[in-house]
Amino acid sequence: MNIWLVFLLGGLLTFGMRFSFIYLFGRFEIPHIVHRTLRFVPPAVLSAIIFPGILMPNNQLDISLGNHRLLAGLIAVLVALWTKNTLFTILAGMAALLIFQLAF
Amino acid sequence: MNQRISMLWAGVRAEAPILVGVFPFGLIYGALALNSGLSPFSAQMMSSIVFAGSSQFVAAQLIHDTAPGLIIVLTIGIVNLRHMLYSASMAEYIEHLPMKWKVLLSYLLTDECYAATIIHYEEDGLKPASHWFFLGAGVSLWSTWQASSALGIFLGAAVPPSWSLDFALPLTFIAMVMPVLKDFPVIAAALSAGVVALLAFNLPFKLGLILAALAGILVGTILENRKLSKAAL
Chain A
15 MNIWLVFLLG GLLTFGMRFS FIYLFGRFEI PHIVHRTLRF VPPAVLSAII FPGILMPNNQ
75 LDISLGNHRL LAGLIAVLVA LWTKNTLFTI LAGMAALLIF QLAF
Chain B
7 MNQRISMLWA GVRAEAPILV GVFPFGLIYG ALALNSGLSP FSAQMMSSIV FAGSSQFVAA
67 QLIHDTAPGL IIVLTIGIVN LRHMLYSASM AEYIEHLPMK WKVLLSYLLT DECYAATIIH
127 YEEDGLKPAS HWFFLGAGVS LWSTWQASSA LGIFLGAAVP PSWSLDFALP LTFIAMVMPV
187 LKDFPVIAAA LSAGVVALLA FNLPFKLGLI LAALAGILVG TILENRKLSK AAL
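Chains as they are written, first to last, in the working numbering: chain A, 15 to 118; chain B, 7 to 239.
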């Protein structure tokens, strides 16, 4: 598929989801089950990207202390819990990864 | 008129602290998109056509891995599915506005714009010019995203691969997911999506992410239904 078609369809889909309930409000009652299901979208999608991102460096499962991304990711988890700040979490994780790569 | 302008500025001011975090994210997107093989122009156009940071990151990675176009579109859809939550939450506050406002504000309805605007509506209530606050938050975020993407694209070629810029994506998501993990069904949804993502990683067409997200949503919904039906007894 042409890259511009991908952008166009991806953009239309994204806009459509942002517009969806704003457009439907008052025209159509949103079923309760939809609201409840949508609550699980962020944790599911985010974790589906986080897990391979830190546990599969070089596309291979690696659960060991030799996996720098895993260690840096765990540090980021602690910083996220502690500061609740996105920027600090990214900076801490990136710095940890750089340090591990230089040190080992 | 004055009230509109002061609301617009209030929206920009409320968004400002968030913009500080968005700017580096845009820089990284620009650099990553360029490294994934997109031309500078198309990397920049993705920022204005799709205009959803995390899905742009994932799309750039899929483009790098030469995934089929349909899979990229579906993955963008899954990653951005959460915007329906924001749409549902905002709908009642902008219900009275003309359609062109609804279209414009929907286009601007990102995570960061939602975060600032919903607090305003919940704390100050609906006022005649409240949508100007929404516009101020949305446009300031939009401009920051375009500018930081452009700068990232401009500087991207100079970033050495050893900086592992792609790692910024899981890190950003860690920051976003941790505050949400408050009850058992949500934690179970996150864990099962993560495990399925590992198991399904080598599926053809990069289908793993879509499958993992659906598995997580399903597990969360089933567990919550079970909890609710127990509570009803």
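We put the beta carbon where it would ideally sit given N, CA and C, even for glycine.
Asked	Found
Going by beta-carbon coordinates alone, are B/Thr81 and B/Leu215 separated by less than 8 Å?	yes
Starting from A/Thr28, trace the alpha helix (DSSP H) both ways and give me its first and last residue.	17-38
For the alpha helix (DSSP H) holding B/Met184, just list the boundary residues, first then last.	Per DSSP, B/Met184 belongs to no alpha helix (DSSP H) and is neither H nor E.
Just to make sure I have the definition right: I need the residues of chain A whose C-beta is within less than 8 Å of the C-beta of B/His89. Which are they?	Thr28, Met31, Arg32
Does the region 25-36 of chain A touch the region 177-194 of chain B, meaning 3 or more C-beta pairs lie closer than 8 Å?	no
Unbroken alpha helix (DSSP H) runs of length 4 or more, entirely within the region 175-237 of chain B: which are they?	190-205
Judging by CA-CA distance, which residue of B/Ile159, B/Glu98, B/Asn86 is the nearest neighbour of A/Ala58?	B/Asn86
Do you know how far the Cα of B/Leu25 is from the Cα of B/Ala156?	15 Å
What separation, rounded to the nearest whole angstrom, lies between the Cα atoms of B/Leu33 and B/Ser154?	5 Å
Quick check on B/Tyr113 - is its C-beta less than 8 Å from some C-beta in chain A?	yes
Hey, B/Ile69 and B/Ile78: beta-carbon distance below 8 Å or not?	yes
Please check if any C-beta of chain A sits within less than 8 Å of the C-beta of B/Glu98.	yes
Measure the alpha-carbon distance for B/Ile11 versus B/Tyr120 and round it to whole angstroms.	20 Å
Starting from A/Leu52, find everything on chain B with Cβ-Cβ shorter than 8 Å and list it in chain order.	Leu87, Arg88, Met90, Leu91, Ala94
Please classify A/Gly80: does DSSP put it in a helix, a strand, or coil?	coil
So what does DSSP say about B/Val72, is it helix, strand or coil?	For the record, residue 72 of chain B in the displayed sequence is Thr; it is not Val. Three-state DSSP puts B/Thr72 in coil, outside helix and strand.
Quick one: is B/Gly83 near chain A, going by C-beta distance under 8 Å?	yes
Just to confirm, are B/Ala203 and B/Gly226 a CB contact at a threshold of 8 Å?	no
Pick helix, strand or coil for B/Leu132, following the three-state DSSP scheme.	coil
Residues in its own chain within less than 7 Å of B/Phe211 by CB, not counting five upstream and five downstream?	Ala73, Pro74, Ile77
Is there a C-beta anywhere in chain B that falls below 8 Å from the one on A/Gly80?	no
To the nearest whole angstrom, what separates the beta carbons of A/Ala62 and B/Ala199, a pair I think is in contact under 8 Å?	4 Å
Measure the beta-carbon distance from B/Gln9 to B/Ala135 and round it to whole angstroms, keeping in mind my assumption that it falls under 8 Å.	5 Å
Closest to B/Ser170 by C-alpha separation, out of A/Arg83, A/Ser78, A/Phe118, would be which residue?	A/Arg83
Looking only at its chain, what residues have a beta carbon closer than 7 Å to the beta carbon of B/Val158, apart from the 5 residues adjacent to it on each side?	The sequence as given places Gly at residue 158 of chain B; Val does not occur at that position. The residues are Gly32, Leu33, Ile34, Tyr35, Gly36, Ala37.
At a CB distance below 8 Å, what residues from the region 17-49 of chain B approach chain A? Give them in sequence order.	Val26, Gly27, Pro30, Phe31, Leu44, Ser48
My output table needs one value for B/Ser95: the three-state DSSP class, helix, strand or coil.	helix
With H, G and I counted as helix, E and B as strand and the rest as coil, what does DSSP make of B/Pro5?	Lying before the first or after the last residue shown, residue 5 of chain B is absent from chain B, which here runs from 7 to 239.
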